[in-house]
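Residue numbers (the working numbering), protein chains in the order written: chain A, 1 to 167; chain B, 168 to 868. Okay, structure first, notes after.
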Amino acid sequence: MNVDIELRVNGVVRTLTVDTRTTLLDALRERLGLTGSKKGCDHGQCGACTVLLDGRRVNSCLALAVAHDDADVTTVEGLADGGQLHPLQQSFIDHDAFQCGYCTPGQICSAVGMLSEVDDGWPSAVTADLTASVALDDDEIRERMSGNLCRCAAYVNIVPAIAAVAR
Amino acid sequence: MTAVDTRLVPRAIGAPLSRLDGPDKVTGAARYAFEQPVGEPAYLYPVQATIAAGRITRIDTGAAEKEPGVLAVLTHENAPRLASTDDAELAILQSDAVAYRGQFIGGVVAETSEIARHAAGLVRVQYEEHPHDVDLRADRDDLYKPEKVNPGLETDTADGDVDGALASAAVTLDETYTTAMYHNNPMEPHTTVAIWDEQGLTLYESTQGVHALRRSVAPVLGLDTERVHVICPHVGGGFGSKGYGHPHVILAAMAAKLTGRAVKLALTRQQMFFLVGYRTPTIQRVRLAADRDGQLTAIVHDVIEQTSRIKEFAEQTAVSTRKMYAAPNRRTSHRLAALDVPVPTWMRAPGECPGMFGPEVAMDELAVACGLDPVELRIRNEPAVDPETGQPFSSRNLVACLREGASRFGWADRDPAPGTRREQGWRIGTGVAASTYPVHRIPGSKATIRVEPGGRYAVLIGAADIGTGTWTTLTQIAADALEVSVDDIALQIGDTALPMASVAGGSSGITCWGSAIVDAAGKLRARLSDEYGGSVPASGLEVTGELPPNPDAERFSMHSFGAQFAEVRVHEDTGEVRVPRLLGVFGVGRIINAKTGRSQLIGGMTMGLSMALHEHSVMDRNLGQVANHDFAEYHIATNADVGSVEAIWLDEDDPYVNPMGSKGIGELGIVGTAAAVANAAYHATGVRVRDLPITLDAFLR
Numbered sequence: 001m002n003v004d005i006e007l008r009v010n011g012v013v014r015t016l017t018v019d020t021r022t023t024l025l026d027a028l029r030e031r032l033g034l035t036g037s038k039k040g041c042d043h044g045q046c047g048a049c050t051v052l053l054d055g056r057r058v059n060s061c062l063a064l065a066v067a068h069d070d071a072d073v074t075t076v077e078g079l080a081d082g083g084q085l086h087p088l089q090q091s092f093i094d095h096d097a098f099q100c101g102y103c104t105p106g107q108i109c110s111a112v113g114m115l116s117e118v119d120d121g122w123p124s125a126v127t128a129d130l131t132a133s134v135a136l137d138d139d140e141i142r143e144r145m146s147g148n149l150c151r152c153a154a155y156v157n158i159v160p161a162i163a164a165v166a167r
Numbered sequence: 168m169t170a171v172d173t174r175l176v177p178r179a180i181g182a183p184l185s186r187l188d189g190p191d192k193v194t195g196a197a198r199y200a201f202e203q204p205v206g207e208p209a210y211l212y213p214v215q216a217t218i219a220a221g222r223i224t225r226i227d228t229g230a231a232e233k234e235p236g237v238l239a240v241l242t243h244e245n246a247p248r249l250a251s252t253d254d255a256e257l258a259i260l261q262s263d264a265v266a267y268r269g270q271f272i273g274g275v276v277a278e279t280s281e282i283a284r285h286a287a288g289l290v291r292v293q294y295e296e297h298p299h300d301v302d303l304r305a306d307r308d309d310l311y312k313p314e315k316v317n318p319g320l321e322t323d324t325a326d327g328d329v330d331g332a333l334a335s336a337a338v339t340l341d342e343t344y345t346t347a348m349y350h351n352n353p354m355e356p357h358t359t360v361a362i363w364d365e366q367g368l369t370l371y372e373s374t375q376g377v378h379a380l381r382r383s384v385a386p387v388l389g390l391d392t393e394r395v396h397v398i399c400p401h402v403g404g405g406f407g408s409k410g411y412g413h414p415h416v417i418l419a420a421m422a423a424k425l426t427g428r429a430v431k432l433a434l435t436r437q438q439m440f441f442l443v444g445y446r447t448p449t450i451q452r453v454r455l456a457a458d459r460d461g462q463l464t465a466i467v468h469d470v471i472e473q474t475s476r477i478k479e480f481a482e483q484t485a486v487s488t489r490k491m492y493a494a495p496n497r498r499t500s501h502r503l504a505a506l507d508v509p510v511p512t513w514m515r516a517p518g519e520c521p522g523m524f525g526p527e528v529a530m531d532e533l534a535v536a537c538g539l540d541p542v543e544l545r546i547r548n549e550p551a552v553d554p555e556t557g558q559p560f561s562s563r564n565l566v567a568c569l570r571e572g573a574s575r576f577g578w579a580d581r582d583p584a585p586g587t588r589r590e591q592g593w594r595i596g597t598g599v600a601a602s603t604y605p606v607h608r609i610p611g612s613k614a615t616i617r618v619e620p621g622g623r624y625a626v627l628i629g630a631a632d633i634g635t636g637t638w639t640t641l642t643q644i645a646a647d648a649l650e651v652s653v654d655d656i657a658l659q660i661g662d663t664a665l666p667m668a669s670v671a672g673g674s675s676g677i678t679c680w681g682s683a684i685v686d687a688a689g690k691l692r693a694r695l696s697d698e699y700g701g702s703v704p705a706s707g708l709e710v711t712g713e714l715p716p717n718p719d720a721e722r723f724s725m726h727s728f729g730a731q732f733a734e735v736r737v738h739e740d741t742g743e744v745r746v747p748r749l750l751g752v753f754g755v756g757r758i759i760n761a762k763t764g765r766s767q768l769i770g771g772m773t774m775g776l777s778m779a780l781h782e783h784s785v786m787d788r789n790l791g792q793v794a795n796h797d798f799a800e801y802h803i804a805t806n807a808d809v810g811s812v813e814a815i816w817l818d819e820d821d822p823y824v825n826p827m828g829s830k831g832i833g834e835l836g837i838v839g840t841a842a843a844v845a846n847a848a849y850h851a852t853g854v855r856v857r858d859l860p861i862t863l864d865a866f867l868r
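Following this line, the structure appears as structure tokens:
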């Protein structure tokens, strides 16, 4: 079954007809040509497909496109401001926070979403004091970024890359 | 021993240059295989065998074919006949036989991926199921001796009187160690986009070597090698599993042939556990004999591992034992069990990675038995020459790595007694192990350099960047070879239209590709100087060079070495194991790029941590398949599993390996890490774990 939906992707309104089985990830990649978001497991287990959906980070492989009519989606292609890289994008380059680069769009989108969760005062599993404002130390970053696998294992560079932007 | 010094003067080489492909990768602009634009693609979804051995008696494709949007359903009954079935892994859909669970038995091509996947589920298959055997055990009576072990090394070796040395030694050790089955699991799934036209077959493929890939698939498809065009500018990791063609390439090529469409296939993560190789589990019996001072008199390393019944892959697990320590009496062997399992393949440091686990834990046990510090024990057994060949090493700085690491890690303060440090419910220990990896050299790479007046130098070679930094490091090498700035280099890689390049494997890329570029640069500069007075002619100039033979490789034993130190915490109540600190000190010749080089080493060490604590493909005997075939159940280290990981390298000068003086770093970092972690866990708790992965139950008995 096909359904018409409208998405605002990286600030641009896109209308498309999707199979109700189509994931948001496949809609972005195969229908809208936005291949920055990656498919690593198609199962919500690796985080390579992370995008910002109405401002929050989600695994787009677990989201059906039809369920997000009218949604606001930001992908890795939408983070840079014109020719100016997003500070996290630049920091990932500076800290060599990736090797093969396949998890990188998901890591960066996840980090953007994670930082806004911190701003909103969301605790994590390692937050000691649930009533105080979150101090984003390295352990907090590690915990909050553990939904994004990196097989090249750039973790020890990802943490300072994010910390440099967050602090 | 002095030769004419043809080495490069490093200027760009060694600098911590940020990845040149970085901006494309952080913005999503870098296109991987599935993302290459092709007109009106069709989508392929495989059908896999649901038995581990037997034959198909009936395959009903009717319901699948009726689905709107389905273009073709492939089975062994209608698939194109392959020109060669010599490679049984690649010879899919040629008969009704099933050799392992998950093997391709068909595929559905459709207008969309959703339709293809749904229709694949509608294919009904009946089987005649045969008993399967997937049990790797040391007491099997059908273990056999392969002719050679990967990549063509002796299966068994014996020197001196091992039995006499074992019988007369003051201290002996005889233990068995096991490593698990591991799956490479690069983040980018194995992907093929196949397009046929009158010229032949074009493949957008995620591969560690465009030329190696087409060499492996062209004969299967009955094509001249030149008629297969492989394009692969970016690779989302490989770790060995993309070293040559796996069955998905053939399935996609067949589907494209049958439908006349551009066909896209990306394996799912689950399918990757069946179809693109893995590291064999190993059972390693290690025997050591030593005098009271810890001087080794004998080393025996006997390995049992598995291969597939349809195709042999013999992991060279015991080969590092032949080179590591100065015992006069040595014996190594490899025996295989041929099982109803998928075909194993290379995985990061095949041989050395599992093969340095048993012996390096055994050395720790010997140190305890002799009352010696494990760093000191290794130093006492440092050989003056390669114990196997008698050749000198081109460079070997294991002792310096151990000393430097011990100093930086704070080893001197260590109380050797196990189980003495406790903090807030955690038992804390530290451990050490050695690393080694050979300097491989694969013949055949060529590079072309082209220059126009006022233009940049186009450097062309079909090399691969699998995350290793090739885009950046080959640019640095070319800049130094031409004595220009990196900004003056325009590198092209990842296409069979470019000069032949060997596979990104065996940590050999820089040696092979870099040397070819240096050769081409030397020839270009000579011609510019000799024929054109040093300036670029108006018509431009193009020169091709190649990886030259290295006579020094006949005279020297060439290997990298390293020392890995681990701090491990084991929780007193839960047995949870954490690794807050890893330090690796390596002797790897010259590092081409200090930034990407460090990343490769810490990446290898972190994968070693993951091997030590987390990774384990669990074989289900009844079903004959890996039970935990996804990322939820096959745990690879996540960010929260990793603490401090530090890698440093010595200022090592090796004039013999290649013009860059580099020894290869992609694999060394994973070698020895798991042993260092196991040794640290013993030091923390007094519990000796000889089987990977190290899980909490070991500490709760």
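By construction, the Cβ of each residue, glycine as well, lies at the ideal position given by its N, Cα and C atoms. Here the structure is a predicted model, which means the values were calculated and not measured.
Query: Output yes if chain B places a C-beta closer than 8 Å to the C-beta of residue 100 (chain A); else output no.; Result: yes
Query: In terms of residue numbering, what span does the beta strand (DSSP E) encompassing residue 708 (chain B) cover?; Result: 708-713
Query: To which residues of the same chain is residue 919 (chain B) closer than 8 Å at the C-beta, ignoring the five residues directly before and after it?; Result: Past the edges of chain B, shown from 168 to 868, lies residue 919 (chain B), and the structure says nothing about it.
Query: Whose Cβ in chain B lies nearer than 7 Å to the Cβ of residue 105 (chain A)?; Result: 195
Query: On the premise that residue 671 (chain B) lies in contact with residue 629 (chain B), defined as a C-beta separation below 8 Å, what is that separation, rounded to the nearest angstrom?; Result: Wrong, their Cβ atoms sit about 11 Å apart, outside the cutoff.
Query: Looking at the structure shown, is residue 349 (chain B) part of a helix, part of a strand, or coil, going by DSSP?; Result: strand
Query: What three-state label does DSSP hand residue 678 (chain B) in the structure shown?; Result: helix
Query: Whole angstroms is fine: what's the gap from residue 598 (chain B)'s alpha carbon to residue 459 (chain B)'s?; Result: 22 Å
Query: Starting from residue 165 (chain A), find everything on chain B with Cβ-Cβ shorter than 9 Å and list it in chain order.; Result: Simply none; closest approach about 13 Å.
Query: Can you find the residues in the same chain that come closer than 6 Å, C-beta to C-beta, to residue 168 (chain B), ignoring five residues on each side of it along the sequence?; Result: With a pLDDT of only 38 at residue 168 (chain B), under 50, the local geometry of the prediction cannot be trusted, and no value is derived from it.
Query: Does the beta-carbon distance from residue 294 (chain B) to residue 242 (chain B) come in below 8 Å?; Result: no
Query: Decide if residue 741 (chain B) is buried, meaning its Cβ has at least 16 other Cβ atoms within 10 Å, or exposed.; Result: exposed
Query: Can the beta-carbon of residue 42 (chain A) be found closer than 8 Å to that of residue 435 (chain B)?; Result: yes
Query: What's the gap between the Cα of residue 498 (chain B) and the Cα of residue 519 (chain B)?; Result: 16 Å
Query: Run down chain B in chain order and give the residues with a C-beta less than 7 Å from the C-beta of residue 61 (chain A).; Result: Within chain B, no residue comes near residue 61 (chain A); the closest Cβ sits about 10 Å away, beyond 7 Å.
Query: Can you find a CB in chain A that lies within less than 8 Å of the CB of residue 872 (chain B)?; Result: Because residue 872 (chain B) is not part of the residues shown, which for chain B are 168 to 868, the question remains open.
Query: Could you tell me which chain A residues have their CB closer than 7 Å to the CB of residue 199 (chain B), listed as they occur along the chain?; Result: 102
Query: Got a sec? Which residues, its chain only, sit under 8 Å from residue 171 (chain B) by beta carbon, not counting five neighbours each side?; Result: Model confidence at residue 171 (chain B) stands at a pLDDT of 47, short of 50, so the residue's coordinates are unreliable and nothing is read from them.
Query: Buried or exposed, going by whether 16 or more other CB atoms sit within 10 Å of the CB of residue 168 (chain A)?; Result: Given that chain A is displayed from residue 1 to residue 167, the structure contains no residue 168 (chain A) and the question cannot be resolved.
Query: By Cβ distance below 7 Å, which residues in the same chain neighbour residue 264 (chain B) in space, the five residues on each side in sequence not counted?; Result: 222
Query: Short of 7 Å in beta carbon distance, which residues of its chain neighbour residue 564 (chain B), apart from the five on each side in sequence? Order them along the chain.; Result: 728, 754, 817, 819
Query: With 8 Å set as the bound, which would you pick, yes or no: does the beta-carbon of residue 157 (chain A) sit closer than that to a beta-carbon of chain E?; Result: Absent from the structure: chain E. Protein chains present are A and B.
Query: Could you tell me which chain A residues have their CB closer than 7 Å to the CB of residue 786 (chain B), listed as they occur along the chain?; Result: Correct list: empty, because the minimum Cβ distance to chain A is about 21 Å.
Query: Could you tell me the distance, in whole angstroms, from the CA atom of residue 859 (chain B) to the CA atom of residue 25 (chain A)?; Result: 36 Å
Query: With a cut-off of 8 Å, do at least 3 Cβ pairs link the region 190-206 of chain B to the region 32-49 of chain A?; Result: yes
Query: Take residue 78 (chain A) and list the residues in its own chain whose beta-carbon comes closer than 6 Å to its own, dropping the five residues that flank it on each side.; Result: 10
Query: Counting only beta-carbon separations shorter than 8 Å, does residue 76 (chain A) have a partner in chain B?; Result: yes
Query: The region 397-418 of chain B: which residues have C-beta closer than 9 Å to a C-beta of chain A, in chain order?; Result: 401, 402, 403, 404, 405, 406
Query: Within the 8 Å Cβ cut-off, does residue 797 (chain B) reach chain A?; Result: yes
Query: With the cut-off set at 8 Å, would you say residue 585 (chain B) and residue 324 (chain B) are in Cβ contact?; Result: no
Query: By the criterion of Cβ-Cβ separation under 8 Å, what are the contact partners of residue 45 (chain A) in chain B?; Result: 436, 797, 798, 799
Query: Quick check on this structure: which residue in A:104, A:29, A:58 has the alpha carbon closest to the alpha carbon of residue 191 (chain B)?; Result: A:104
Query: Is it true that the region 365-376 of chain B meets the region 480-487 of chain B, where meeting means three or more beta-carbon pairs spaced less than 8 Å apart?; Result: no
Query: Could you check how far apart the C-beta atoms of residue 354 (chain B) and residue 61 (chain A) are, in whole angstroms? I think they sit under 8 Å.; Result: The Cβ separation is near 13 Å, so there is no contact.
Query: Can you look up residue 210 (chain B) in the DSSP assignment and give me helix, strand or coil?; Result: strand
Query: Contact criterion: CB-CB distance below 8 Å. Does residue 85 (chain A) meet it with respect to chain B?; Result: yes
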